[in-house]
């Protein structure tokens, strides 16, 4: 597991403890394979609270709403913690790469496509 | 932001920012979701309607009604007038007191939404009512059902047993239901509520979309609302009963988003109040 994924997993675990309390989470370690429903028995309302904390922590770049909008709540709760970590890690990594390239010396860019007329 | 103090109560609130350019248009109402009774909470709206609504360019507020979900559970105040005060106070606390709202209510939340629109026509720019119970018969049946549930839960060791079996979800829901039904005025407040009538419906000045399941017992009274309200449309979803929110996210989402956009456009430009009149049945 990369350091980034490790860090995200640690942060998500901390958020889960904040939301659920630690009595149920301390009994077993949260890993990338831990599932929200089967292993953590997370309630829908608790996942909504987690989504809010993630949005505040990682910002709109992660587009958590877009990621979740493709699923229903049953599918969301069936996810493993690792799937969420991977999504956040991928988007965060891409965001860092964009920031790095934006601060790099300018190189000639391909011409922008013409704006598409609204249809 | 998750917990907000309003009307002297701690409410669990979730705000979703609008993620489309349309959100920048002035005058667009904030879309506020009101869930159903007892074991329901704001999460039932999250995937089927709230996320798509935010992504369609509407600012979204979800909250757990008093006593429900993760909001504080006081012993009293489960009548519709208190619900209106809770909502108004919450909007103020969120800094949205100057904004008009579009209320989306599911089941009992729909009833509260209609109460709010009739009490505060200046505040409510539009309504979306999913399976709203409006008549006296439903209230009587629900009071009987809840009273029976209260008796079965009273002094029951079930939550402790469930907890010991690590059935945390079931334990939490059972504990909330027990608390609401046996240690608050919710059932008494429901029993004391007055049914709506044609004169109420005729006073509804904002555009309203009413969605019912074909097999729901609530359809006849919902049709009465659509018949008497100046700007109400009813949509009947074939093959469904009361739980249209859970069973029909695709069809429902399309209808609700179209209604929200039409209402928002009318409110933003100040042109017209209706998205249609009469009954649309499909």
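Residue numbers (my numbering), protein chains in the order written: chain A, 29 to 147; chain B, 191 to 472. We put the CB at the ideal spot given by N, CA and C, even for glycine.
Coil, strand or helix - residue i by DSSP
i: residue 465(B); result: Any reading at residue 465(B) is ruled out, since the residue's pLDDT is 40, under 50, leaving its predicted position unreliable.
i: residue 297(B); result: coil
i: residue 391(B); result: helix
i: residue 290(B); result: coil
i: residue 404(B); result: coil
i: residue 305(B); result: helix
i: residue 71(A); result: coil
i: residue 86(A); result: helix
i: residue 425(B); result: strand
i: residue 438(B); result: coil
i: residue 386(B); result: coil
Residue i classed as buried or exposed, judged by whether at least 16 other C-beta atoms fall within 10 angstroms
i: residue 459(B); result: exposed
i: residue 193(B); result: exposed
i: residue 307(B); result: buried
i: residue 238(B); result: buried
i: residue 327(B); result: exposed
i: residue 344(B); result: exposed
i: residue 312(B); result: exposed
i: residue 198(B); result: exposed
i: residue 80(A); result: buried
i: residue 134(A); result: Confidence is the limiting factor: at residue 134(A) the pLDDT is only 48, short of 50, which leaves the residue's position unreliable, though a coordinate-based value still follows. So residue 134(A) counts as exposed.
i: residue 334(B); result: exposed
i: residue 88(A); result: exposed
i: residue 342(B); result: exposed
i: residue 419(B); result: buried
Whole-angstrom C-beta distance between residue j and residue i, which should lie under 8 Å
i: residue 374(B); j: residue 268(B); result: 6 Å
i: residue 394(B); j: residue 402(B); result: At roughly 17 Å, the Cβ-Cβ gap does not stay under 8 Å, so residue 394(B) and residue 402(B) are not in contact.
i: residue 263(B); j: residue 276(B); result: In fact, because the Cβ distance is near 13 Å, the residues do not count as touching under 8 Å.
i: residue 222(B); j: residue 321(B); result: That pair is no contact at about 18 Å.
i: residue 96(A); j: residue 241(B); result: 6 Å
i: residue 293(B); j: residue 251(B); result: Their Cβ separation, rounded to whole angstroms, is 10 Å, which puts residue 293(B) and residue 251(B) out of contact at 8 Å.
i: residue 113(A); j: residue 60(A); result: 6 Å
i: residue 423(B); j: residue 442(B); result: Not a contact, Cβ separation roughly 14 Å.
i: residue 430(B); j: residue 405(B); result: 7 Å
i: residue 280(B); j: residue 360(B); result: Not really, about 30 Å apart at Cβ, beyond 8 Å.
i: residue 258(B); j: residue 296(B); result: Actually they do not touch by this definition, with Cβ atoms about 12 Å apart.
Beta-carbon proximity of residue i to residue j, cut-off 8 Å
i: residue 453(B); j: residue 315(B); result: yes
i: residue 298(B); j: residue 227(B); result: yes
i: residue 457(B); j: residue 218(B); result: yes
i: residue 116(A); j: residue 90(A); result: yes
i: residue 37(A); j: residue 75(A); result: no
i: residue 202(B); j: residue 260(B); result: yes
i: residue 63(A); j: residue 107(A); result: yes
i: residue 207(B); j: residue 249(B); result: yes
i: residue 415(B); j: residue 324(B); result: yes
i: residue 40(A); j: residue 77(A); result: no
i: residue 388(B); j: residue 421(B); result: no
i: residue 376(B); j: residue 246(B); result: no
i: residue 274(B); j: residue 309(B); result: yes
Check your understanding: When you check each C-beta in the region 68–82 of chain A against every C-beta of chain B, which residues fall closer than 7 Å?
Key -> 69, 71, 72, 73, 76, 77 and 80
Point to revise | Near-chain A residues of the region 256–275 of chain B - C-beta to any C-beta below 7 Å | key: 259 and 260
Practice item. Check each residue of the region 440–463 of chain B: if its Cβ is closer than 8 Å to any Cβ of chain A, include it; give the result in chain order. Key: none
Practice item. Give, in chain order, every residue of the region 230–241 of chain B whose Cβ lies closer than 8 Å to some Cβ of chain A. Key: 231, 232, 233, 234, 236, 237, 238 and 241
Review point. Closer than 9 Å, Cβ to any Cβ of chain B: which residues of the region 85–100 of chain A, in chain order?
Key: 88, 91, 93, 94, 96, 97, 99 and 100
Check your understanding: Closer than 9 Å, Cβ to any Cβ of chain A: which residues of the region 198–209 of chain B, in chain order?
Key -> 202, 204, 205, 206, 207 and 209
Review point. According to a CB-to-CB cut-off of less than 7 Å, which residues of the region 362–380 of chain B neighbour chain A?
Key: 362
Point to revise | Residues, ordered as in the chain, of the region 313–329 of chain B that lie near chain A by beta-carbon distance below 9 Å | key: none
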